[in-house]
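> For reference, the structure I am asking about is given below.
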Amino acid sequence: MSLFWRIFGLNALVLGVATGLLLWAPVTVSVPVLLTEAVILVGGLAVMLVANAALLRVGLAPLDRLTREMPEVDLLRPGQRLPVPGRGEVAELIRTFNGMLDRLEAERVTSSARTLSGQESEQRRIAQELHDEVGQSMTAVLLGLKRTADRAPESLRAELLHMQDTTRESLDEVRRLARRLRPGVLEDLGLTSALASLADDFATHTGLRITRRFTAGLAPLDWETELALYRVAQEGLTNAARHAEATHVELALSGTADGVLLSVTDDGRGIGVAREGAGIRGMRERALLAGATLNLGPGPHGGTRLALSAPVPGKYA
1 MSLFWRIFGL
11 NALVLGVATG
21 LLLWAPVTVS
31 VPVLLTEAVI
41 LVGGLAVMLV
51 ANAALLRVGL
61 APLDRLTREM
71 PEVDLLRPGQ
81 RLPVPGRGEV
91 AELIRTFNGM
101 LDRLEAERVT
111 SSARTLSGQE
121 SEQRRIAQEL
131 HDEVGQSMTA
141 VLLGLKRTAD
151 RAPESLRAEL
161 LHMQDTTRES
171 LDEVRRLARR
181 LRPGVLEDLG
191 LTSALASLAD
201 DFATHTGLRI
211 TRRFTAGLAP
221 LDWETELALY
231 RVAQEGLTNA
241 ARHAEATHVE
251 LALSGTADGV
261 LLSVTDDGRG
271 IGVAREGAGI
281 RGMRERALLA
291 GATLNLGPGP
301 HGGTRLALSA
311 PVPGKYA
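If you use UniProt numbering, the sequence shown corresponds to residues 1 to 317, in order.
Take a look at the structure:
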């Protein structure tokens, strides 16, 4: 039965019962209306309204659930679906809504994959240009300053040596940026070595005290999963250094029953109720593409704990 006929039937039932009571019940209306008659009429109207409201509430309850669910849907948290209540128009509407979520989630995964792939390609290109063009140019400047300083008079040598030190520091910063844009150590030495290098780099340049806890003998992962783990660790350390006001961070990588678990735990001010920014949304997109689960919440002793659980190849469909 369609929603229209169900609502029409409910109202017809209530009105039919009321009409039957007026026709066969020993109740009349005087002019002017007596108090007892007014009480009976008002009471009957109240009963009709309550019965009609209750019946409509039952009939429209699935639509209320759908209305509450729609604002909560997040394509980066897949699997949110409504139960389908039997058959009919409301059930078909909910089935259509669930099907729409299936299509949107699939399209989001596809578009995110293309976006992140393009982003990684662009980062590799920029890193290559920083290394080949900017790095070589600054190296040439550094050598030129050294030769000039060797031939310069004593009055200028100190200033040239200072410029040489500044140029050397800038060259180191360019190389560090190139390594962050294109994690060559991840390609060459694997995930554990790349995370160790990342932790050392952050500890050196941010002053954070970083504890590493890596389990040996982890299951082999594909390149996309390793890249997702590396980028999430990179973003987690960046957030701890920039926003958490942390002094100590623990970076851990361990095996699980069906994959690996990466966690970044800091002793900062905690995540609170702040809205998720672009960094966290980017981590959720990477987790979604790798078939991983990302959890962000308070740490065991305060601060924030970021955990990414990724499956090994063949255990995620």
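Built from N, CA and C at the ideal position, the CB exists for glycine as well.
Just so it is clear, the structure is predicted and the values come from calculations on it, not from any experiment.
#1: Near R269, which residues of its chain fall below 7 Å by C-beta distance, leaving aside the five closest residues on each side in sequence?
#2: If you follow the alpha helix (DSSP H) that G291 is part of, which residue opens it and which one closes it?
#3: Quick check: the Cα distance between A12 and R114, rounded to an integer number of angstroms?
#4: How do the region 164 to 172 and the region 205 to 212 stand: do at least 3 beta-carbon pairs fall below 8 Å, yes or no?
#5: Beta strand (DSSP E) containing T265: first to last residue?
#6: Just the C-alpha distance for A257 and A307, rounded to the nearest angstrom, thanks.
#7: Suppose you measure from the CA of G9 to the CA of G16; what does that come to, to the nearest Å?
#8: Going by CA-CA distance only, name the one from A240, A61, E92 that's closest to G279.
#9: In whole angstroms, what separates the C-alpha of P311 from that of L181?
#10: Would V260 and L221 be called neighbours here (beta carbons separated by less than 8 Å)?
#11: In angstroms, rounded to a whole number, what distance separates the CA positions of A54 and N295?
#12: Which class does H301 belong to by DSSP, given the choice of helix, strand or coil?
#13: Which same chain residues end up closer than 6 Å to L237 when comparing Cβ atoms and leaving out the 5 residues on each side of it in sequence?
#14: When DSSP labels each residue in this structure, what does I210 get in the three-state scheme?
#15: CA-CA distance, G135 and R157?
#16: To the nearest angstrom, how far is the alpha carbon of V50 from that of A61?
#17: Assuming V249 is part of the beta strand (DSSP E), what are its boundary residues?
#18: Quick check: A233 and L195, are their CB atoms within less than 8 Å of each other?
#19: Buried or exposed: M283, going by 16 or more other Cβ atoms within 10 Å of its Cβ?
#20: Using three-state DSSP, classify R311 as helix, strand or coil.
#21: Quick check for students: name the residue ranges of the alpha helix (DSSP H) that lie wholly in the region 179 to 238, counting only runs of 4 or more.
#22: How would you label M70, buried or exposed, when you count the other beta carbons within 10 angstroms and need 16 or more for buried?
Per the coordinate set shown:
#1: A244, E245
#2: First-last for G291: undefined, no H or E at that position.
#3: 56 Å
#4: no
#5: 259 to 266
#6: 16 Å
#7: 10 Å
#8: A240
#9: 25 Å
#10: yes
#11: 41 Å
#12: coil
#13: F202
#14: strand
#15: 24 Å
#16: 16 Å
#17: 248 to 255
#18: yes
#19: buried
#20: Going by the sequence as given, residue 311 is Pro instead of Arg. Three-state result, P311: strand.
#21: 184 to 189, 191 to 206
#22: exposed
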